[in-house]
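Enquirer: Just dropping this structure here.
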Amino acid sequence: MFQRCLEEHQSVLNQLDSLEADTSRAATILAQVVSDGKTILLAGNGGSASDAQHIAGEFVGRFLMERKGASAIALGASDASLTSIANDYGFEQVFSRQVEAYRHHAGALIAYSTSGNSPNILAAAQSARELGIKVIGMTGSSGGTLKALTDVCLCVPSNHTPRIQEIHSILGHILCEIVEPNLE
1 MFQRCLEEHQ SVLNQLDSLE ADTSRAATIL AQVVSDGKTI LLAGNGGSAS
51 DAQHIAGEFV GRFLMERKGA SAIALGASDA SLTSIANDYG FEQVFSRQVE
101 AYRHHAGALI AYSTSGNSPN ILAAAQSARE LGIKVIGMTG SSGGTLKALT
151 DVCLCVPSNH TPRIQEIHSI LGHILCEIVE PNLE
């Protein structure tokens with residue numbers, strides 16, 4: 001089992017060259033958002049919510065360099081917001097309501113969905129598009145419905161959720177490393 005997991009991970013890693021151009025496009029979007037003094041919003045469910053919080057923390061704190069913090073908010077981080085919105089509007093709107101609330105400050109939404117079909121992530125991406133906020137998708141191989149709602153979609157070449165999430169972490173770190181020099 002251990003070796004099989006490593007082999008699957010390595011197989012996906014070996015295919016990541018195909019994402020270089022899209023990763024560069026995503027980094028360019030994020031660098032512009034940071035340069036404009038806007039906020040990066042991040043959203044995901046379950047493990048992807050943790051990925052969103054992790055990368056938001058890297059932007060707000062620091063990644064590799066001492067520098068000014070960048071404005072980034074993981075939309076899944078507030079239990080009070082999530083539960084009040086879910087209670088009043090339904091779980092499908094837990095992120096879209098927050099995108100709308102931050103609309104004057106947000107420059108980009110990083111939307112995580114391994115399937116690309118999570119209803120609350122789709123609603124958030126749709127709201128962002130309608131508000132002129134750039135959307136970067138982080139998905140599995142097909143991109144699902146989310147892909148069509150993004151400015152750029154980093155579609156990990158796998159259909160296996162653990163491998164997709166592992167690569168999302170790597171891609172998040174790559175984005176931070178590319179964008180961070182713009183924060184000096």
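Just so we're aligned: 51 in the working numbering is position 51 of the sequence shown, and the numbers increase by one with no gaps anywhere.
Each residue gets a CB set at the ideal place from its N, CA and C atoms; glycine is no exception.
Look at the alpha carbon of N117 and the alpha carbon of D22, and state the distance between them as a whole number of angstroms.
Expert: 20 Å
Enquirer: Quick one: grab the DSSP three-state call for K68.
Expert: coil
Enquirer: Can you give me the start and stop residues for the beta strand (DSSP E) that I40 sits inside?
Expert: 39-43
Enquirer: Mind reading off the beta-carbon distance from V99 to S142? Whole number of angstroms is fine, and I expect it under 8 Å.
Expert: The Cβ separation is near 24 Å, so there is no contact.
Enquirer: Can you tell me where the beta strand (DSSP E) with G137 in it begins and where it stops?
Expert: 134-139
Enquirer: Between the alpha carbons of L131 and R103, how many angstroms are there, rounded?
Expert: 7 Å
Enquirer: Specify, as a first and last residue, the run of the beta strand (DSSP E) that L154 falls within.
Expert: 152-155
Enquirer: Using a Cβ distance threshold of 8 Å, determine whether the stretch 153-173 contacts the stretch 4-21, with at least three qualifying pairs required.
Expert: yes
Enquirer: Going by DSSP, which residues form a beta bridge with I228?
Expert: With the chain represented from 1 up to 184, any question about residue 228 goes unanswered, as that position is not in the structure.
Enquirer: May I ask you to report which of helix, strand or coil DSSP gives A77?
Expert: In the structure shown, A77 sits in coil (DSSP, three-state: anything other than H, G, I, E or B).
Enquirer: Once DSSP output is grouped into helix, strand and coil, what is the label at G172?
Expert: helix
Enquirer: Would you kindly work out how many angstroms separate the C-alpha atoms of G37 and L183, rounded to a whole number?
Expert: G37 and L183: Cα-Cα distance of roughly 10 Å.
Enquirer: Out of G107, S81, N45, state which residue places its alpha-carbon closest to the alpha-carbon of T39.
Expert: G107
Enquirer: Can you check whether the CB of L171 is closer than 9 Å to the CB of V156?
Expert: Result yes, Cβ atoms of V156 and L171 sit closer than 9 Å.
Enquirer: Apart from the five residues on each side of it in sequence, which residues of its chain come closer than 6 Å, Cβ to Cβ, to A49?
Expert: G76
Enquirer: If you follow the alpha helix (DSSP H) that P119 is in, where does it begin and where does it stop?
Expert: 119-130
Enquirer: How far does the alpha helix (DSSP H) with F2 in it reach, from first residue to last?
Expert: 2-13
Enquirer: How about L64 and I55: do their beta carbons lie closer than 9 Å?
Expert: no
Enquirer: When we look at the beta-carbon of K134 and count the other beta-carbons within 10 Å, is it buried (16 or more) or exposed?
Expert: buried
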